[in-house]
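*Asks:*
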Amino acid sequence: MSQSTYQVAVFRGDGIGPDVTDATIAVLEAVQKRIGGFCLDFNSYHAGAAYFRESGRDIEHGSEQAAEQADAILLGAIGLPEIRYRDGTEIAPHLRLREQLQLYAGVRPARAYPNSPLPLADPRASTIDLVIVRESTEGLFYSAAVHGRTQIANENEVRETLRITRNTTEKLHDFAFRLARQRKNRGRPGRVTCVDKANVFRSMAFFRKIFDERAEEYPDIFADHNYIDTQALDLIRKPWSFDVMVMENMYGDILSDLAGGLVGGMGMAACAEIGDHHGLFQPAHGSAPDIMG
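Residue 196 in the numbering used here sits at position 199 of the sequence shown, and the numbers go up by one each step.
#1: Starting from Y203, trace the alpha helix (DSSP H) in both directions and tell me its first and last residue.
#2: Given that a residue counts as buried once 16 or more other Cβ atoms are within 10 Å of its Cβ, and exposed if not, what is N196?
#3: Below 8 Å on the Cβ atoms is my guess for A269 versus P280; work out the distance and round it to an integer in Å.
#4: Between which two residues does the alpha helix (DSSP H) holding F172 run?
#5: Leaving out five residues before and five after Q0 in sequence, what residues of the same chain have Cβ atoms less than 6 Å from its Cβ?
#6: Under 8 Å: do the stretch 168 to 177 and the stretch 209 to 221 share three or more Cβ pairs, one atom per stretch?
#7: Quick check on DSSP: helix, strand or coil for Y3?
#8: Look up S41 in the DSSP assignment and say whether it is helix, strand or coil.
#9: Measure the CB-CB distance between I218 and R188 and report whether it falls below 8 Å.
#10: Excluding sequence positions up to five away, which residues of its chain have a Cβ less than 7 Å from the Cβ of F39?
#11: Would you mind reading off the limits of the beta strand (DSSP E) that contains Y224?
#12: Are there three or more Cβ pairs, one per stretch, closer than 8 Å when the stretch 86 to 103 is compared with the stretch 125 to 135?
#13: Residue range of the beta strand (DSSP E) that A269 falls in?
#14: Do A89 and G76 have their beta-carbon atoms positioned less than 8 Å apart in this structure?
#15: What whole-angstrom Cβ distance do L169 and S200 have, given they're in contact under 8 Å?
#16: By a C-beta neighbour count over all protein chains shown, 10 Å radius and 16 as the cutoff for buried, is Y110 buried or exposed?
#17: Does the count of Cβ pairs from the stretch 245 to 260 and the stretch 111 to 124 closer than 8 Å reach three?
#18: In terms of DSSP beta bridges, what is E132 paired with?
#19: Considering only their Cβ atoms, is the gap separating P78 from E65 smaller than 8 Å?
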């Protein structure tokens, strides 16, 4: 019986990135051996702050193309606080990868695992099982410094753009509804909450409008809305009541860390960046250089 071989591009990155990546590869190799029928071919490339300090590049030449051709991508953690670009921002080649590969759906699950410390005293905290779906190529991160799109940057003003497009937003909402449907089949509520600030920003009203349009295609899934500030409050008050939440890039960046804190910390939080043709998988935590090795 022939077996399929899958190419996996690996970026260990900085700090504890190599530690967690090597542990992940060991687990995947054990799964491969146990299940059989497929082979994972891991190919490693340099990226991150330490590599930038050594080479002047934030990612190895040719590795972005290798990632595009791979079947999957593993990434450890990128960035060291003391190493920055000339504009003062941290090293972030992975943001370019998200855009290059159109990894529009940032999937950030937060689940209470047995014996994991939970900061909320309410016994219902043990039932937390939610997923934040964060748009990962647009929003305010469209203007992330690594993309070079800042409109105005001088000693008196910096101006950057929050971008929402129909094409990407439709795909994002469809992804969230399909995910909720899959989770419903496993006993979850089948609910998607659109998190926005549609009462203030036209971009967010547009984001919500597209959400409502796509919701009509999923009558079996309950769809509702919450403003970002209220959602932050509700994640502290009653996180067990949420299923799938879909939101703009920066909102998701912040709330996914909050959600991680509810289930034992960022060390318990995973992340998948999913597009139509590619997937990048990484921990949700940072490089934590103080505990590396």
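No residue lacks a Cβ here, since even glycine has one placed at the ideal position from N, Cα and C. These figures come from a predicted structure and were not determined experimentally.
*Replies:* On the basis of the coordinates in this document:
#1: In the sequence as presented, Tyr is not what sits at residue 203; that position holds Phe. From DSSP, the alpha helix (DSSP H) with F203 extends over 199 to 212.
#2: exposed
#3: Between P280 and A269 the Cβ distance is about 11 Å, and since that is not below 8 Å, they are no contact.
#4: 163 to 181
#5: G34, F35, C36
#6: yes
#7: strand
#8: strand
#9: yes
#10: V5, V7, I22
#11: 219 to 224
#12: yes
#13: 267 to 271
#14: yes
#15: Contact doesn't hold; Cβ gap of about 14 Å is too wide.
#16: exposed
#17: yes
#18: A102
#19: no
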